[in-house]
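Residue numbers (this note's numbering): 67 to 440.
Data block below; observations after.
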Ligand code: IPM
Ligand code: MG
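Take a look at the structure:
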């Protein structure tokens, strides 16, 4: 097994460091190689996704990714901005299926922005299409308007588009995931359910999306399919989030809804993600960003990255037992009351990045979880 480790910017290096320690604690045989990406790569090598970093990612079985982005690079031309690194990796590696589980861990119910009775037991899987939609559609750019409300003035435009095969393959990922979750005991006794989120009432792109979802669904009669407009979905996520099982949607809507869902679980610092191609190769990253405001302070929550490493073991490296061990260890440290500041509440132990990593490692190796009440 070869893992490419791309820590990136901001808090990326600190949180990835803890995840790598956790992987070592499992004593699995794997090779790893680290490379620069994002703003860090731009500063050292003049490009956010240097050729060597892309080649390493292409050669690896899986990629563990931290985060990219820093305000100091916001003025660069778009092609050189740190965000282009993650967009480029998704595109070049064909990582079209983005899995973002939003799970409310029982000890964190109090940290949610919603009432405990709405989020207790919350377990949603958001599946975001990741290589199409308005993120990658051409043409895009700026020009002088020839029509519209203000001809002759400067305008900017992007293109929203999806082809039938792009929608078909993400639909299969969603229905299969719902089937698997139901088989694993998902929504107590119920069938697996896919909620397809679109804007078919306004957009051609999402009318095709809806049509294709209906067609592919014919192959999965055991799974329930419902359609929901994105504005309604944004509302239902905060009104009755437990009604969702698997949510499948396009790149742009998925970007927005997954941040919203993250907050239901207590902190965006808790949510891992997997970005997969069609052959179980994947890139694994926390869904939060680089948080340059807290970088280097040792307070970032490493759990989303540690849980991303667990997803990597499960989906790309065929090590489900090791993934289970990480996930149980994370449950154990939360049950023991350890909290980074983002999930801290009265009566729990506030710890830093490193101490949280130590605690997960201790739980994995069967040692007592250190309690460092501050
Ligand atoms: C995400 C991020 C990225 C996205 C940015 C960093 C380009 O917000 O992974 O959700 O918009 O996809
Ligand atoms: Mg996002």
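C-beta: ideal position from N, C-alpha, C; glycine also.
In the displayed model, residue 337 falls within coil according to three-state DSSP, outside both helix and strand.
Fewer than three pairs of CB atoms, one per stretch, sit closer than 8 Å, so the segment 109-119 makes no contact with the segment 394-404.
The three-state secondary structure of residue 264, taken from DSSP, is strand.
Straight-line measurement puts the Cα of residue 309 at about 11 Å from the Cα of residue 260.
Distance check between residue 350 and each of 148, 381 and 217 places 381 closest, using alpha-carbon atoms only. Sorting 165, 347 and 348 by C-alpha distance to the C-alpha of residue 242 places 165 at the top. With a threshold of 7 Å, the Cβ atom of residue 353 counts as near the ligand IPM, since some heavy atom of the ligand is closer than that.
At least one heavy atom of the ligand IPM falls within 7 Å of the beta-carbon of residue 153.
One residue after another in chain order, those with a Cβ under 5 Å from a heavy atom of the ligand IPM are 149 and 321.
With a cutoff of 8 Å on beta-carbon distance, residue 317 and residue 196 are scored as near each other. Within the same chain, 162, 195, 197 and 198 come within 8 Å of residue 232 by CB-CB distance, once the 5 residues on both sides are set aside. Excluding sequence positions up to five before and after residue 273, its CB lies within less than 6 Å of the CB of 266, all in the same chain and listed in chain order. Taking C-beta atoms as the reference points, residue 132 and residue 82 count as a pair closer than 8 Å. Remark: the C-beta of residue 343 is outside contact range of the ligand MG, defined as less than 7 Å to any heavy atom. Inter-segment contact for the segment 105-115 and the segment 145-152 is present: three or more beta-carbon pairs are separated by less than 8 Å. Assigned with DSSP and collapsed to three states, residue 435 falls in coil, not helix or strand. Placement of the Cβ of residue 387 at a distance of 7 Å or more from every heavy atom of the ligand MG is found. Residue 335 and residue 213 have their C-alpha atoms roughly 45 Å apart. Exposure of residue 301 is indicated by the presence of fewer than 16 other C-beta atoms within 10 angstroms of its C-beta. Scanning 139, 330, 238 and 215 for the CA closest to the CA of residue 283 turns up 238. One alpha carbon belongs to residue 376, the other to residue 383, and they sit about 10 Å apart. Taking C-beta atoms as the reference points, residue 124 and residue 159 count as a pair closer than 8 Å. Residue 136 has its CB no nearer than 7 Å to any heavy atom of the ligand MG. A distance criterion of 7 Å places the beta-carbon of residue 288 beyond contact range of the ligand MG, judged by its closest non-hydrogen atom. Residue 199 has its CB no nearer than 7 Å to any heavy atom of the ligand MG. Apart from the 5 residues on each side of it in sequence, residue 88 sits with its Cβ closer than 8 Å to the Cβ of 372, 375, 392, 395, 423, 426, 427 and 430 in its chain, given in chain order.
At a cut-off of 7 Å, the beta-carbon of residue 424 does not count as near the ligand MG: no heavy atom of the ligand is closer than that.
Given a length threshold of 4 residues, each whole run of the alpha helix (DSSP H) inside the segment 294-337 is given here in chain order: 296-305 and 317-330. Collapsing the DSSP output to three states places residue 250 in coil. Burial check for residue 78: the Cβ neighbour count within 10 Å reaches 16 or more, so the residue is buried. Listed in chain order, the non-local C-beta contacts of residue 353 below 8 Å within the same chain comprise 166, 324, 325, 328, 334, 337, 338, 339 and 370, local neighbours out to five positions each way being set aside.
Going by DSSP, residue 223 is part of no alpha helix (DSSP H) but of the beta strand (DSSP E) stretching over 220-223. For residue 348, the three-state secondary structure derived from DSSP is strand.
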